[in-house]
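One structure is given here, and the rest of the page talks about it.
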Amino acid sequence: MCQVEEDYRDELESVDVPSISKKCVKCKEASAAVVIRAGDAYCRVCFKEYFIHKFRAMLGKNRLIFPGEKVLLAVSGGPSSCSMLNQVKEGLSQNAHKKLRFRPGIIYIDEGGAVGQSVEERRRTVAELQGVFRATGFLFYVVPLEQVLNLPSSVVASAPAPPEHLSSAYKAAVDRFIQSDGSSCLTPQDKGQTSLPEVHESQTQVLQQLIASAKTLTAKQDLLNTLRQHLLVHTARTEGYSKLMLGDNCTRLAVKLLTSISLGRGAQLAQDTGFSDSRYGDIISVRPMRDYSAKEIAYYNHLFNVPSVFIPSLDTKTADKASVQRLTESFVIKLQADFPSTVSTIYRTGEKLQTARLSSSTADHCDRCLLCMCALDTAVEEASALQATLISEQLSQTTSPGATRTTTPRPNRAPVEPESSAPTGQCCSSGGQEHCGRAESGGGCCSSAKGPEMTNLRSLLCYSCQLTIKDMSSVEHLPQYILSEARRRQRRSQMREEISEFLLDGVDEGV
Amino acid sequence: MPVLCSSCAEKRAVLKRPKTGHSLCKECFFWAFEEEVHQTIVAAKLFKPGETVGIAASGGKDSTVLAHVMKLLNERYNYGLELMLLSVDEGITGYRDDSLETVKRNQQQYELPLKIVSYEELYGWTMDAIVKQVGLKNNCTFCGVFRRQALDRGAIMLKVDKICTGHNADDVAETVLMNVLRGDIARLRRCTAISTSSEGEGVVPRCKPLKYAYEKEIVLYAYFKKLDYFSTECIYSPNAYRGYARTFLKDLESVRSSSIMDIIHSGENLSVREGIKMPVQGTCSRCGYISSQALCKSCVLLEGLNRGLPKLGIGKHHRLHDKILSQQPLTEKEERKLKSVEF
Ligand SMILES: [Zn+2]
Ligand SMILES: [Zn+2]
Ligand SMILES: [Zn+2]
Ligand SMILES: [Zn+2]
Ligand SMILES: [Zn+2]
Chain A
1 MCQVEEDYRD ELESVDVPSI SKKCVKCKEA SAAVVIRAGD AYCRVCFKEY
51 FIHKFRAMLG KNRLIFPGEK VLLAVSGGPS SCSMLNQVKE GLSQNAHKKL
101 RFRPGIIYID EGGAVGQSVE ERRRTVAELQ GVFRATGFLF YVVPLEQVLN
151 LPSSVVASAP APPEHLSSAY KAAVDRFIQS DGSSCLTPQD KGQTSLPEVH
201 ESQTQVLQQL IASAKTLTAK QDLLNTLRQH LLVHTARTEG YSKLMLGDNC
251 TRLAVKLLTS ISLGRGAQLA QDTGFSDSRY GDIISVRPMR DYSAKEIAYY
301 NHLFNVPSVF IPSLDTKTAD KASVQRLTES FVIKLQADFP STVSTIYRTG
351 EKLQTARLSS STADHCDRCL LCMCALDTAV EEASALQATL ISEQLSQTTS
401 PGATRTTTPR PNRAPVEPES SAPTGQCCSS GGQEHCGRAE SGGGCCSSAK
451 GPEMTNLRSL LCYSCQLTIK DMSSVEHLPQ YILSEARRRQ RRSQMREEIS
501 EFLLDGVDEG V
Chain B
1 MPVLCSSCAE KRAVLKRPKT GHSLCKECFF WAFEEEVHQT IVAAKLFKPG
51 ETVGIAASGG KDSTVLAHVM KLLNERYNYG LELMLLSVDE GITGYRDDSL
101 ETVKRNQQQY ELPLKIVSYE ELYGWTMDAI VKQVGLKNNC TFCGVFRRQA
151 LDRGAIMLKV DKICTGHNAD DVAETVLMNV LRGDIARLRR CTAISTSSEG
201 EGVVPRCKPL KYAYEKEIVL YAYFKKLDYF STECIYSPNA YRGYARTFLK
251 DLESVRSSSI MDIIHSGENL SVREGIKMPV QGTCSRCGYI SSQALCKSCV
301 LLEGLNRGLP KLGIGKHHRL HDKILSQQPL TEKEERKLKS VEF
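Protein chains in written order, with full-length UniProt numbering: chain A, 1 to 511; chain B, 1 to 343.
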């Protein structure tokens with residue numbers, strides 16, 4: 001049957017090669033050096049102006065970064081975040097009128113331990129980046145990912161609410177800044193951190209075990225993203241930064257948007273891909289590079305010698321179908337090659353979405369995902385994909401032999417927890433042999449070895465993070481700060497259950 | 001050693017469920033599949049007792065399984081529904097003849113009344129004739145638009161309260177992806193809805209009881225139930241976007257089998273920023289069908305066909321609608337633009 005059920009107005013805009021004029025479209029004098037979109041040819045000077053203007057315009061439009069505010073730039077070493085670093089440097093050295101007025105610092109998370117780099121390789125990469133960072137004169141932090149193992153629970157616990165940023169407050173801050181001359185806060189008083197903190201081999205091993213406990217590359221990548229995010233937020237907090245600047249460009253965000261959809265993160269799309277992300281309360285992430293395409297950035301970096309460093313990641317040199325993230329990326333890049341409007345169309349889709357529940361009470365964190373800190377999207381609603389999945393799982397497993405035929409499961413029953421209700425041992429069959437502990441506990445199988453934690457962890461996670469945990473052979477390798485926060489939340493909800501009959505409606509002390 | 005069914009733990013499993021990975025025996029799979037459709041129907045409150053429901057039947061696997069399961073559940077759970085089959089004859093030689101034969105056999109098997117509405121009687125054009133004029137490249141625009149209305153018109157002729165279609169989970173997930181790729185926020189928001197309420201004059205409410213059923217499980221169900229269906233790939237190539245979205249979805253499914261449901265979950269939980277303009281649904285001033293323009297898509301397409309200007313309905317020519325409505329002649333330049341069609 002023909003699958004076209006609905007009318008679609010316009011067809012895909014296919015590649016058309018424009019006749020490239022040799023002159024710059026802006027000044028109409030100098031000869032063009034780059035063609036960024038169909039027909040838009042710029043000369044060197046005009047391209048630089050356009051590029052710099054775009055950065056300032058993005059920050060100016062959103063008015064989220066206050067003058068004098070401490071902003072931590074997350075630099076991965078890639079072209080996009082290095083370009084962002086370059087823009088901040090440009091912006092700070094501009095004349096007074098156009099000058100950026102915040103106080104930057106740089107953070108680089110060294111993930112070499114997770115992706116299997118040798119100590120020597122890691123040292124070399126870090127040295128190269130330190131050179132880049134030193135040249136900016138900004139304060140910088142090189143943090144090995146291993147440090148995530150020592151984070152306090154506060155990272156995933158309740159965070160202070162973000163200060164109310166009204167436009168009047170912004171104006172007042174600008175005035176105050178201008179009066180105080182502003183100059184004092186721009187010079188970095190401290191010297192940049194020079195030596196890489198010592199990483200113990202044992203820590204690297206623990207980290208590697210954790211990554212290895214995720215059985216799919218999809219889950220590994222997701223886990224790594226979460227850990228990196230926690231470490232970034234924690235460092236920002238302890239070093240007194242209130243904003244985190246991320247280098248995601250338009251191409252990257254289009255891939256991320258489609259990846260998020262594919263991973264069941266529809267409810268979190270706006271936070272995952274929007275200009276600002278306030279899921280961590282007091283530390284707000286911003287994405288000022290979101291209007292640049294990867295191509296524009298590559299041109300700029302090339303023309304103006306912006307250095308970047310190649311850093312291997314988990315999916316470097318893997319096949320297209322190695323993970324959902326990897327597959328989505330190659331899909332978007334290929335489609336973009338055939339249809340140049342692909343990335344911008346997906347990106348614009350994201351612009352029109354928002355976070356489902358704008359949780360105003362940040363003190364109440366019981367409804368936030370333990371891992372990604374987004375509002376939970378797991379309330380089992382009638383006739384939803386989540387409910388349908390739970391029903392499918394339940395109907396495919398023995399409840400009590402023979403009883404299946406006579407009792408029709410009620411649609412509005414409590415959500416089933418497959419791990420706890422499955423006598424067949426989901427965890428065993430899903431490959432957790434090494435943690436099975438069959439030898440010691442004798443027949444207890446994994447359900448006991450895994451403990452109640454694995455079972456109950458799911459209720460603390462959003463839909464997508466549940467998928468990640470499901471792909472893990474065991475949660476016991478998760479860092480302590482996550483596990484202890486999980487236990488705390490579980491105790492709180494148990495307490496609340498016990499006293500529920502005495503609690504009056506509408507009173508919520510938070511968890 | 002034979003694998004035991006994970007549900008009854010007695011019989012030998014004959015299949016591995018694509019949706020959950022469980023190994024099931026034939027009976028337990030049938031039960032699970034049917035029960036899931038039932039749960040969907042109950043949870044989404046798709047029908048009310050006493051309603052007349054038209055099952056959109058194409059002779060393909062989805063609608064064949066849908067007809068079978070609807071008939072079965074209606075009896076098992078006393079839905080109290082009056083069921084009938086509703087089929088559209090697009091007038092495609094070979095392709096449609098065979099599939100309509102299948103529908104007719106289904107009718108006898110299930111003892112359900114069948115109504116076939118043809119493009120020819122509704123629009124005066126068969127798809128074969130349309131293809132002759134518009135070429136292969138754009139014909140799917142026509143058959144999609146025309147079929148949607150044809151079902152409504154057939155449903156009204158049969159005095160049907162609701163139409164249910166065979167859209168499965170794969171279709172829904174694919175549509176989510178496609179609307180993201182197209183940046184069609186209005187459809188993105190609507191496409192995961194399991195049912196549409198009556199949107200206006202001449203539009204019959206629709207629902208998708210198989211919304212959460214995997215396509216592969218539908219095939220498994222039809223295979224083990226030995227249901228007779230016609231393998232229907234539209235003989236004219238599908239829309240470019242859908243083709244890309246479909247390939248991508250299949251790949252995703254091979255990486256993580258829950259992807260289909262994960263994407264639907266995403267779609268169900270998206271929320272659109274306030275202040276984003278949504279097209280206002282009005283009605284076509286010629287035929288009364290819902291339309292966001294002065295003329296509905298199908299009337300524009302028809303006008304184009306009848307005037308020998310096939311491109312009229314394909315591109316964006318909204319500004320010409322007023323002219324068409326008032327029967328004004330088009331300028332030579334406009335005519336030329338609308339005539340040329342690439343084959
Ligand atoms: Zn110029
Ligand atoms: Zn989460
Ligand atoms: Zn069985
Ligand atoms: Zn077609
Ligand atoms: Zn009309």
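For every residue, glycine included, the Cβ atom is placed at its ideal position computed from N, Cα and C.
- A straight-line Cα-Cα distance of about 17 Å links L92/A and F304/A.
- Proximity of the beta carbon of C164/B to ligand 5 is not indicated: no heavy atom of the ligand is located closer than 8 Å.
- In the three-state reduction of the DSSP assignment, R37/A falls in the strand class, which pools E and B.
- Listed as beta-bridge partners of M84/B by DSSP are G54/B.
- Under the DSSP assignment, P479/A falls outside any alpha helix (DSSP H); it carries neither an H nor an E label.
- T20/B places its beta carbon 9 Å or farther from that of S262/A.
- One finds S266 in chain B with Cβ atoms closer than 8 Å to the Cβ of R265/A, taken in chain order.
- Look at R12/B here: in three-state DSSP terms it is strand.
- In the three-state DSSP reduction, D471/A falls in the coil class, being neither helix nor strand.
- A Cβ-Cβ contact shorter than 9 Å links D170/B with Y214/B.
- In the DSSP annotation of this structure, the continuous segment of the beta strand (DSSP E) that includes P144/A starts and ends at 139-144.
- Counting of Cβ neighbours within 10 angstroms places Q281/B among the exposed residues, the total staying below 16.
- Apart from the 5 residues on each side of it in sequence, N86/A sits with its Cβ closer than 7 Å to the Cβ of V306 in its chain, given in chain order.
- Proximity of the region 49-64 of chain A to the region 228-239 of chain A falls short of the contact definition, fewer than three beta-carbon pairs being nearer than 8 Å.
- No Cβ-Cβ contact shorter than 9 Å links L305/B with I92/B.
- Interface with chain A (9 Å Cβ-Cβ cutoff): H22/B is included.
- Assignment of P79/A by DSSP, reduced to helix, strand and coil, places it in the helix class.
- Per DSSP, R228/A is not a residue of any beta strand (DSSP E); the alpha helix (DSSP H) it occupies stretches across 217-238.
- Judged by DSSP secondary structure, I130/B falls within the alpha helix (DSSP H) whose first and last residues are 127-134.
- G78/A is positioned such that its CB atom lies closer than 9 Å to that of V309/A.
- Shortest gap from the CB of E90/A to any heavy atom of ligand 1: 8 Å or more.
- Between C465/A and L335/A, the C-beta gap is not smaller than 9 Å, which leaves the two residues out of contact.
- Among the residues of chain B, those whose CB is under 8 Å from the CB of I391/A are E35, E36, Q39, following chain order.
- Distances between the C-beta of A219/A and the heavy atoms of ligand 3 are all 8 Å or more.
- About 4 Å separates the Cβ atoms of S118/B and D89/B, confirming a contact at the 8 Å cut-off.
- About 6 Å separates the beta carbon of E217/B from that of P18/B, a gap short enough to meet the 8 Å contact definition.
- Listed in chain order, the non-local C-beta contacts of H200/A below 8 Å within the same chain comprise E146, local neighbours out to five positions each way being set aside.
- Leaving aside the five residues that flank A245/B on each side, the residues in its chain whose CB is nearer than 7 Å to its CB run, in chain order, E174, L177, M178, L181.
- Taking the Cβ of L112/B as the reference point, every heavy atom of ligand 2 lies at 8 Å or farther away.
- For K225/B, the secondary structure class from DSSP, reduced to helix, strand or coil, is coil.
- Contact between V115/A and S313/A holds, since their C-beta atoms are separated by about 6 Å, short of 8 Å.
- Contact residues of the region 245-277 of chain B toward chain A are F248, D251, L252, S254, V255, R256, S258, S259, M261, D262, I263, I264, H265, S266, G267, E268, N269, L270, S271, V272, R273, I276 (C-beta to C-beta distance below 7 Å).
- For the set K54/A, H230/A, T349/A, F102/A, the Cα lying nearest the Cα of E69/A is the one of F102/A.
- For A44/B, the closest alpha carbon among the candidates A193/B, V272/B, C25/B, S99/B is that of A193/B.
- Of the residues I107/A, A486/A, C462/A, the one whose Cα lies closest to the Cα of G247/A is I107/A.
- Here V203/B carries a coil assignment [DSSP, helix/strand/coil].
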